[in-house]
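Please read the structure below before turning to the comments.
Number of protein chains: 2
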Amino acid sequence: MKIIVDAMGSDQRPTPDTQGAVDAANEYGIEITLVGDETRVRAALSRLSQVPPSVSVLHAAQEIEMREHPALAVKEKKDSSIVVGIEQLKRGNADAFVSMGNTGATLAASVLYLQRLKGVHRPALGALFPTPQGPSLLIDVGANTDCKPEWLEQFAIMGDAYMRATLGLEQPRVALLANGEEDTKGNQTVQAAHALLRERARATKLNFIGNVEGKDIAAHLADVIVADGFAGNIALKTAEGVSKMLNDLIRREIKRNPLTMAGGALAMPAFNKVKKILDYTEYGGAPLLGVNGVVIIGHGRSNAVAVKNAIRVAKRSVESNILEIIRRGVAPSA
Amino acid sequence: MKIIVDAMGSDQRPTPDTQGAVDAANEYGIEITLVGDETRVRAALSRLSQVPPSVSVLHAAQEIEMREHPALAVKEKKDSSIVVGIEQLKRGNADAFVSMGNTGATLAASVLYLQRLKGVHRPALGALFPTPQGPSLLIDVGANTDCKPEWLEQFAIMGDAYMRATLGLEQPRVALLANGEEDTKGNQTVQAAHALLRERARATKLNFIGNVEGKDIAAHLADVIVADGFAGNIALKTAEGVSKMLNDLIRREIKRNPLTMAGGALAMPAFNKVKKILDYTEYGGAPLLGVNGVVIIGHGRSNAVAVKNAIRVAKRSVESNILEIIRRGVAPSA
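Those protein sequences? They're chains H and D, same order as listed. Counting in the numbering used here, the first sequence runs from 1 upward without gaps. Counting in the numbering used here, the second sequence runs from 335 upward without gaps.
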């Protein structure tokens, strides 16, 4: 198996990307091609010990910054690490593409070059939402703002396939995100999608458990939470914002006097444990589902461990033949 | 000024409701009518000292439980404290209605009996989102799931009026909730509302600052955050869920060993401060805006302080003539 890794993805590029790729090549015994500025990537590699021969470098002269307009950047930077990497995947020179870079650009390049899997209405972006009981996949978190009910139905199918493939869940609990748990809740699109999913659950193995509310996400009441990219993005970002706000506020208040500071120092192992439990780096990046290729996108602030885990998720997706599972799932006869 | 207070609203009814009402009557020098089971309310009053003559009781034989279906309960329980209280407001026997009870039922009764203010497309439910820098009003959080752009525009106008009236903000920063801060983000409805609000900001004093993302809510980047009731509800509930999850998780991890427990005990003043900073009871309940009457709805788990503060907010809304401000704001000539 060969996985293309964007060497110019993370905020600290190319160091964590290169390190994570080398670690993955050693640990998983797979081939990796690092795409990016060859001089910088080779320099990063030269600082590492144990670079196996299965790690190669493919030069890409440009890089797409986080702040750039996704579609525009993809159009104008044909020699960027993202576009070059996705093109390699399209040509069949690799099995998966992994990037910690600009999410929108990776999405745009994937849709443009890889195109949709046969039968898929719209590709969707998943995001793993950390909870103490394990992660939930929120899908879509921004690829499609206005959705038809049939699209949401397919997001459910794709999310279900992904959680089976990468986390080994046997019967992922699939739910629709709504403004109440009752079946009658939701906007018109969600209500229509609810009916479609009930029907599909009767005909297939899909474990559709109905609606969940926003507060049920962190409570891990479902493994796959389906939303349009507008609502899904709002839920994900609101959660990030609240988490950061609470974290900052607790730190600030603890630092206010020596006694609480001493207490904070003593309690530090507990805080570190909480941090570890909710550590996104363990889950290894978010999938772009519904395009004709395995594409995993990680946080810009990823470290080498996060990069390695994203590569692991890509590997598992390839091994479990997720593209074929999705293709079958969305086929009209299914 | 006379304010009707639902004595059978809170989870611990009628104690916090009655206590809060008496405290408000004493502190603000206003008349209060407690609506509810007369025997139980009088018993609760008899346990309080300093019940001023400005506090009266109006009997209502029924009460609507939190779990009841709102519209059905309002239809079937004509003698419930919510319906009787709202009817008093409609008849002009009071200036405002305050309840800690079933939000949906209070909304349904208000729309049914008070009806909409002239010019208002749809009443909306606001919720105060606590942040360290002060509260933001999220509107709508569940009254309307599928909205037209003009409705969102009016939610902005109503939210702006409310934050000026109750928090004394001179130029509340009004924003649309979207999946990105750029002007081009949002679903079709939000994009259309964006154009309407830009236009209105040119013509009036409305301080429309554009789009905010989910993560900007907790960062207090806006004072009024406008969304349809579907997305607004998801944002609010997701935040509640994450907050509870983090709180539970930190407690659990601190309790795991004696050292972190000692640390947690020492740091307790800091945690209490965080709790106080984010205490919803300080803000005094959420407004139902756009109906022909001042209606404030508080949390079921309110204590007497929260009830008193909800009454204070109702009083300020009446004093600032919020109904007239909204009426003028939504008038076609405005």
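We put the CB at the ideal spot given by N, CA and C, even for glycine.
Bridge partners - residue i, DSSP secondary structure assignment
i	result
Ala222(H)	Bridge partners of Ala222(H): none, in fact.
Thr238(H)	Paired residues: none, contrary to the question.
Ser10(H)	According to DSSP, which records beta bridges pairwise, Ser10(H) is partnered with nothing at all.
Phe542(D)	Val508(D)
Leu459(D)	Leu622(D)
Phe431(D)	Ile338(D) and Val629(D)
Gly264(H)	Looking at the DSSP assignment, Gly264(H) forms no beta bridge with any residue, so it has no partner.
His393(D)	Gly370(D)
Arg450(D)	Val625(D)
Glu365(D)	Lys336(D)
Ser136(H)	Phe129(H)
Ser577(D)	Its beta-bridge partners do not exist; DSSP assigns none.
Ser414(D)	Gln396(D)
Cross-chain neighbours of residue i in chain C, by beta carbon under 9 Å
i	result
Glu63(H)	Chain labels in this structure do not include chain C; the protein chains are H and D.
Rounded C-alpha distance that separates residue i from residue j
i	j	result
Leu501(D)	Ala512(D)	25 Å
Ile32(H)	Val22(H)	8 Å
Leu555(D)	Asn581(D)	24 Å
Ser243(H)	Met434(D)	28 Å
Ser110(H)	Ile3(H)	15 Å
Ile322(H)	Val305(H)	24 Å
Asp413(D)	Ile139(H)	45 Å
Glu68(H)	Asn102(H)	8 Å
Val558(D)	Ser651(D)	16 Å
Met595(D)	Lys609(D)	19 Å
Met8(H)	Ser54(H)	19 Å
Ala334(H)	Gly119(H)	Here the model assigns Ala334(H) a pLDDT of 46, short of 50, so the residue's position is not dependable, and the following value carries that caveat. So the two alpha carbons sit approximately 11 Å from each other.
Ile611(D)	Lys273(H)	25 Å
Ala358(D)	Ile630(D)	15 Å
Cys481(D)	Thr145(H)	15 Å
Ala665(D)	Val417(D)	29 Å
Ile463(D)	Asp95(H)	For the record, residue 463(D) in the displayed sequence is Phe; it is not Ile. Between Phe463(D) and Asp95(H), the C-alpha separation is close to 46 Å.
Ser344(D)	Ala477(D)	21 Å
Leu66(H)	Ala108(H)	The identity of residue 66(H) in the sequence shown is Met, whereas the question assumes Leu. So the two alpha carbons sit approximately 14 Å from each other.
Val625(D)	Ala461(D)	16 Å
Ala88(H)	Val294(H)	It should be pointed out that residue 88(H) corresponds to Gln in this sequence rather than to Ala. So the two alpha carbons sit approximately 12 Å from each other.
Thr403(H)	Leu471(D)	Here chain H covers residues 1 to 334 and nothing more, so residue 403(H) does not appear.
Arg328(H)	His528(D)	40 Å
Thr465(D)	Leu503(D)	16 Å
Glu658(D)	Met492(D)	11 Å
Glu160(H)	Val339(D)	Checking the sequence, you will find Asp at residue 160(H) rather than Glu. The straight-line gap from Cα to Cα measures roughly 49 Å.
Pro16(H)	Ser49(H)	14 Å
Ser380(D)	Gln396(D)	21 Å
Gln346(D)	Leu530(D)	44 Å
Phe208(H)	Gln191(H)	14 Å
Whole-number beta carbon distance between residue j and residue i, since they are thought to touch under 8 Å
i	j	result
Leu289(H)	Ala60(H)	The pair is not a contact, with the Cβ atoms about 25 Å apart (cut-off 8 Å).
Lys75(H)	Ile64(H)	Contact flag wrong, Cβ pair sits at about 11 Å.
Ile30(H)	Lys315(H)	6 Å
Gly514(D)	Asn545(D)	7 Å
Pro52(H)	Asn93(H)	Actually they are not in contact, since the Cβ atoms of Pro52(H) and Asn93(H) sit about 19 Å apart, beyond 8 Å.
Val41(H)	Pro14(H)	5 Å
Gly598(D)	Gly300(H)	Rounded, the Cβ-Cβ distance is 33 Å, inconsistent with contact.
Contact test: residue i Cβ vs the ligand SAH heavy atom, cutoff 6 Å
i	result
Ala596(D)	The ligand SAH is not among the ligands present in this structure, which contains no ligands whatsoever.
Three or more C-beta pairs below 8 Å linking the segment 211–222 of chain H and the segment 175–194 of chain H: Yes: at least three Cβ pairs fall under 8 Å.
Contact residues within the segment 567–582 of chain D, judged by C-beta distance below 9 Å to chain H: Flagged, chain order: Asn567, Ile568, Ala569, Leu570, Lys571, Thr572, Ala573, Glu574, Gly575, Val576, Ser577, Lys578, Met579, Leu580, Asn581 and Asp582.
Contact set between the segment 303–320 of chain H and chain D, restricted to residues whose Cβ is under 9 Å from the partner: Residues passing the 9 Å Cβ filter: none.
Short-range partners of chain H found in the segment 473–497 of chain D, where Cβ spacing is below 8 Å: Within the segment 473–497 of chain D, the residues whose Cβ lies closer than 8 Å to some Cβ of chain H are Gly476, Thr479 and Asp480, listed in chain order.
Interfacial residues, the segment 417–434 of chain D to chain H, with Cβ spacing under 9 Å: Contact residues of the segment 417–434 of chain D toward chain H are absent (C-beta to C-beta distance below 9 Å).
Stretch-stretch touch, CB-based, cutoff 8 Å, three pairs: the segment 180–188 of chain H with the segment 260–269 of chain H: Cβ pair count under 8 Å is below three, so no.
Against chain D: residues of the segment 203–223 of chain H by CB proximity under 9 Å: Contact annotation: in the segment 203–223 of chain H, residues whose CB is within less than 9 Å of a CB in chain D are Glu213, Gly214, Lys215, Asp216, Ile217, Ala218, Ala219 and His220.
Meets three-Cβ-pair contact criterion under 8 Å: the segment 481–495 of chain D and the segment 589–599 of chain D: Too few Cβ pairs lie closer than 8 Å, so no.
Cβ contact (3+ pairs, closer than 8 Å) linking the segment 194–201 of chain H and the segment 227–234 of chain H: Output reads no: the segment 227–234 of chain H does not touch the segment 194–201 of chain H.
Contacting positions in the segment 581–595 of chain D - beta carbon closer than 7 Å to chain H: Listed in chain order, the positions of the segment 581–595 of chain D with a beta carbon within less than 7 Å of a beta carbon of chain H are Leu583, Ile584, Glu587, Ile588, Arg590, Leu593 and Thr594.
Within 8 Å of chain D by C-beta, residues of the segment 50–61 of chain H in sequence order: Those would be none; no residue qualifies.
Near-chain D residues of the segment 4–34 of chain H - C-beta to any C-beta below 7 Å: Within the segment 4–34 of chain H, no residue has a Cβ that lies closer than 7 Å to any Cβ of chain D.
Interface positions of the segment 104–134 of chain H facing chain D (Cβ-Cβ less than 8 Å), listed along the chain: Taking a C-beta cut-off of 8 Å against chain D, the contacting residues of the segment 104–134 of chain H are Thr131 and Pro132, listed in chain order.
Chain H contacts made by the segment 603–615 of chain D, where a contact means CB separation under 8 Å: Correct list: Pro603, Ala604, Phe605, Lys607, Val608, Ile611 and Leu612.
Near-chain H residues of the segment 501–516 of chain D - C-beta to any C-beta below 8 Å: Sequence-ordered contacts of the segment 501–516 of chain D with chain H read Leu511, Ala512, Asn513 and Gly514 [C-beta pairs closer than 8 Å].
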